[in-house]
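Structure first, commentary second.
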Amino acid sequence: MYNLAIISGDGIGQEVMSACEYLLDKIDLEFSFEYGEAGFECFNNNGTTLPEETINIAKKSDAVLFGASTSTPGQPSPIINLRKALNVYANIRPIKSYKGVNCIRDDIDFVIVRENTEGLYSQNEYEDDGKMIAERVITRTASERISKAAFNLCIKRGQSKVTCVHKSNVLKKTDGIFKESFYKVANDYPQIKTEDYYVDAMAMYLVTHPQNFDVIVSTNLFGDILSDESAGLVGGLGLAPSGNIGDHNGLFEPVHGSAPDIAGKNIANPCSMILSAAMMLDYLGEWEMSNDMKNAVEKVIAECKIRTPDLGGDASTMDVTKAIVKELI
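Numbering-wise, the sequence shown is residues 7 to 335 according to this note's numbering.
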């Protein structure tokens, strides 16, 4: 029995999480669910976007599933603070072409490993004499740690190259230490090819030859931006899962936001949430079921019969979910 923390958030987060729970109830594994609040609705009800009770539920779970949260003006991001509280320092975002989807190429299969704990997402902002200042903190410790995670993931995926993305020609000290740490760690993995690119060049290369990349490692903000760009290469955010991994905790979430414009319409694509749950099962050591779940999603997408509006169809969130379950059981 796995104890899962379920944090639906708001917007379509609640809809895709309900779909994911429906699927998890149908597979041949046992779960117990404990629910926590977070996000805009949580703030309206409790005066905070991330209650301490939710953090405690997450910390004692075997893994955490997070839906999506709407930005609350003047309040910190609940997902960023939850990542910090759990010290899940590696944000893993797979990018893959799917048959039946209008992708820029049909042979894309790489993953972005994004440092998750510092950089501009530290949210250290302040005003000084009419100037608004945001601190960008990059440490050697975190840079080496995320580089090691990238190389280990490359080995796990059976791939051969890790690409470091930075802007050290301008941010000479902060990105300088990130690049330096990357190559220091690379010395421990002589069997893995290495390269590095400036982030602006990388943004172009992802469009012109995305098939050339295996594992990409970058700082927090750059990794976030590049992963959304990359999702656009393979059909959009509805097919973009992610996992946040630390030494003791795992937090899994779709890359998409709360999409308030379609919330409540039951048309949100559940695939990114379900694929995030598959990543969670991989994290828990349930590799066979994880692969079965990913294969079921791929088959439903490839058949082009049941798909949500973002992929050109007219099916509901639960229509797609039930089609995936049918492939699984």
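Glycine included, C-beta positions come from ideal geometry on N, C-alpha and C.
It should be emphasised that the depicted structure is a prediction, and the values quoted were computed from it without experimental measurement.
**Report entry** Contacting residues, own chain, Cβ-Cβ under 7 Å from Glu-150 (five flanking each side not counted)
**Finding:** Ser-187, Lys-190 and Val-191
Requested in this report: With distances taken Cα to Cα, identify the nearest neighbour of Gly-270 among Asp-16, Tyr-8 and Met-7.
Outcome: Selection Asp-16, Tyr-8 and Met-7 evaluated against Gly-270 yields Asp-16 as nearest (Cα-Cα).
Requested in this report: Might you give, ordered along the chain, the residues of its own chain that have their beta carbon closer than 7 Å to the beta carbon of Lys-102, omitting 5 neighbours on each side?
Outcome: Ile-114, Asp-115 and Val-240
Query - Exposed unless 16 or more other CB atoms sit within 10 angstroms - verdict on Pro-82 - result: exposed
Requested in this report: Measure the C-alpha to C-alpha separation of Gln-129 and Gly-45 and round it to an integer number of angstroms.
Outcome: Rounded to whole angstroms, Gln-129 to Gly-45 spans 17 Å at the Cα level.
Query raised in the report: For Ile-222 versus Ile-118, is the C-beta distance shorter than 9 Å?
Result: Taking 9 Å as the Cβ cut-off, Ile-222 and Ile-118 qualify as a contacting pair.
Query raised in the report: Expressed to the nearest angstrom, what Euclidean distance is found between the alpha-carbon atoms of Ala-96 and Thr-225?
Result: 10 Å
Query raised in the report: How many Å lie between Thr-123 and Asn-93 at the Cα?
Result: Cα to Cα, Thr-123 sits roughly 7 Å from Asn-93.
**Report entry** Distance, His-172 Cα to Ile-183 Cα
**Finding:** In a straight line, the C-alpha of Ile-183 is about 10 Å away from that of His-172.
**Report entry** Inter-residue CB distance, Arg-120 and Gly-229 (contact presumed, cutoff 8 Å)
**Finding:** 3 Å
Requested in this report: Going by DSSP, name the residue or residues bridged to Ala-283.
Outcome: Answer is none; Ala-283 lacks a bridge partner.
Query raised in the report: What's the gap between the Cα of Glu-27 and the Cα of Asp-253?
Result: 26 Å
Query raised in the report: Lys-162 lies in the alpha helix (DSSP H); which residues open and close that run?
Result: Per DSSP, Lys-162 belongs to the alpha helix (DSSP H) from 146 to 162.
**Report entry** Through-space distance from Ala-265 to Asn-50, alpha-carbon basis
**Finding:** 18 Å
Query raised in the report: Quick one: is Pro-266 near chain D, going by C-beta distance under 9 Å?
Result: Of the protein chains in the structure, only one exists, and it is not chain D.
Query - Enclosing beta strand (DSSP E) for Leu-35 [first to last residue] - result: Here Leu-35 belongs to no beta strand (DSSP E), and DSSP marks it neither H nor E.
Query raised in the report: Closest by CA to Ile-251, which one among Leu-290, Asp-112, Met-279 and Ala-207?
Result: Leu-290
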